[in-house]
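K.L.:
Numbering (the numbering used here), first residue to last: 4 to 304.
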Amino acid sequence: MNLFDRAVSLTIPLMPKPVVRYFSRKYIAGETSDEAFAVIRDLRAEGALVTLDILGEFIKTREEAERNTRDYQELLRKIVEHDLSETNVSVKLSALGLLLKDRVCLDNMRALMTTASEVDRFVRIDMEDSPCTTATLDIYRTLRSEFGPRVGVVLQSRLRRTLDDIDALTAEPSNFRLCKGIYLEPRSIAYTDPEIIRRNFTLSLERMIKQGAYVGIATHDEILVWDALELIDRHGLNREQYEFQMLLGVDEPLRRILIEAGHRLRVYVPYGEQWYAYSVRRLKENPQIAGYALKAIFKKD
Ligand SMILES: Cc1cc2nc3c(=O)[nH]c(=O)nc-3n(C[C@H](O)[C@H](O)[C@H](O)COP(=O)(O)OP(=O)(O)OC[C@H]3O[C@@H](n4cnc5c(N)ncnc54)[C@H](O)[C@@H]3O)c2cc1C
């Protein structure tokens with residue numbers, strides 16, 4: 004962490020709420036689903052697809068996990084009411100009880116997947132920090148066997164285990180999002196050199212393509228976008244076999260370039276009442292992102 008990142012990291016919790024909101028407004032679609040749907044309409048007019056994330060904080064009780072599950076079920080129904088074809092949801096298993104005892108999370112995910120089946124929608128399981136990785140992949144595997152291609156998961160090129168996870172999971176047809184991974188992890192289990200994380204991204208992407216998986220290529224790193232385009236071309240993929248994915252508010256020019264070139268591109272749209280806690284936690288976890296946000300504020304487009 005450089006000095007600037009460290010300074011930003013220490014300052015974030017001291018910032019007044021409106022300042023944090025200012026930092027995050029470009030990256031968060033609002034507090035309510037109605038605000039999020041307004042953002043979706045604009046994105047769809049631009050030719051982008053969308054995945055919606057309801058922002059949550061760490062939960063402590065079964066009741067909170069069940070409430071979050073109901074919120075996602077309601078969101079899926081609203082997506083259908085708004086007639087938003089191909090719009091899907093992204094969910095963090097900790098919000099549905101992954102870190103609680105018993106089988107709370109699996110039960111909640113089964114309920115969510117049942118709703119997703121009823122309304123014919125796809126659910127992506129986000130990947131959290133390394134203590135969650137094995138449990139998340141176990142639940143993905145179970146749901147995949149019960150609900151088929153309606154569920155997908157995320158793998159992170161930062162983790163040393165990812166190539167093995169690809170090999171293990173692609174024994175069945177698979178749907179991945181590949182990203183670098185936002186959580187800073189210890190060197191014993193993760194690459195810490197940005198160049199190796201990049202190389203492992205490209206290697207993982209090629210492995211996924213070769214094994215016939217559908218891949219959401221989630222990056223704003225233009226070198227990786229270039230690598231992905233080269234792999235798509237070399238392996239002769241058609242546009243239904245992959246999609247690019249980007250976060251709301253990040254590198255919109257690159258987003259337009261990819262859409263105009265005819266690729267499917269999905270924007271990750273987070274919203275919810277928990278925007279404040281989420282923003283502070285994310286900014287503290289990876290202060291580089293606060294750096295991006297600062298640059299976005301002071302830089303003229
Ligand atoms: C659609 C999507 C879903 C994701 N899901 C997960 C997940 O489930 N689990 C997980 O651990 N991580 C997830 N991530 C985050 C990901 O792991 C990276 O931390 C993040 O995308 C930054 O990596 P990068 O590949 O864009 O490369 P970087 O080198 O970090 O970024 C490349 C350039 O993009 C810009 N940029 C990148 N991120 C931001 C930002 N947040 N704000 C402003 N500018 C930015 C910067 O200009 C930077 O120079 C997701 C990312 C995307 C795009």
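No residue lacks a Cβ here, since even glycine has one placed at the ideal position from N, Cα and C.
Tell me the DSSP secondary structure of D56 in three-state form.
P.N.:
In this structure, D56 counts as strand in the three-state DSSP scheme.
K.L.:
Given this structure, state the Cα-to-Cα distance separating V23 from F61, to the nearest angstrom.
P.N.:
19 Å
K.L.:
A138 and C108 - do their beta-carbons sit closer together than 9 Å?
P.N.:
yes
K.L.:
What would DSSP say about S133, mapped onto helix, strand or coil?
P.N.:
helix
K.L.:
Tell me the DSSP secondary structure of A231 in three-state form.
P.N.:
helix
K.L.:
At a cut-off of 8 Å, is I262 close to ligand 1 when judged by its beta-carbon and the heavy atoms of the ligand?
P.N.:
no
K.L.:
Quick check on DSSP: helix, strand or coil for E198?
P.N.:
helix
K.L.:
Could you tell me the boundaries of the alpha helix (DSSP H) in which A221 lies?
P.N.:
Per DSSP, A221 belongs to no alpha helix (DSSP H); it is in the beta strand (DSSP E), 217-221.
K.L.:
Quick one: is W229 buried, meaning 16 or more other Cβ sit within 10 Å of its Cβ, or exposed?
P.N.:
exposed
K.L.:
Quick one: is the Cβ of R2 within less than 8 Å of any heavy atom of ligand 1?
P.N.:
Residue 2 is absent from the model: the chain starts at 4 and stops at 304.
K.L.:
Specify the secondary structure class of M18 as computed by DSSP and reduced to three states.
P.N.:
coil
K.L.:
CA-CA distance, L115 and G100?
P.N.:
13 Å
K.L.:
State the CB to CB distance for the pair I200 and R161, rounded to an integer number of angstroms; the pair is presumed to be in contact (CB under 8 Å).
P.N.:
5 Å
K.L.:
Give the straight-line distance between the Cα atoms of D224 and E255, rounded to the nearest whole angstrom.
P.N.:
13 Å
K.L.:
Can you give the Cα-Cα distance for E209 and D86, rounded to whole angstroms?
P.N.:
For E209 and D86, the distance between alpha carbons rounds to 35 Å.
K.L.:
How far does the alpha helix (DSSP H) with N241 in it extend, from its first residue to its last?
P.N.:
Following the DSSP letters along the chain, one finds N241 in no alpha helix (DSSP H), marked with neither H nor E.
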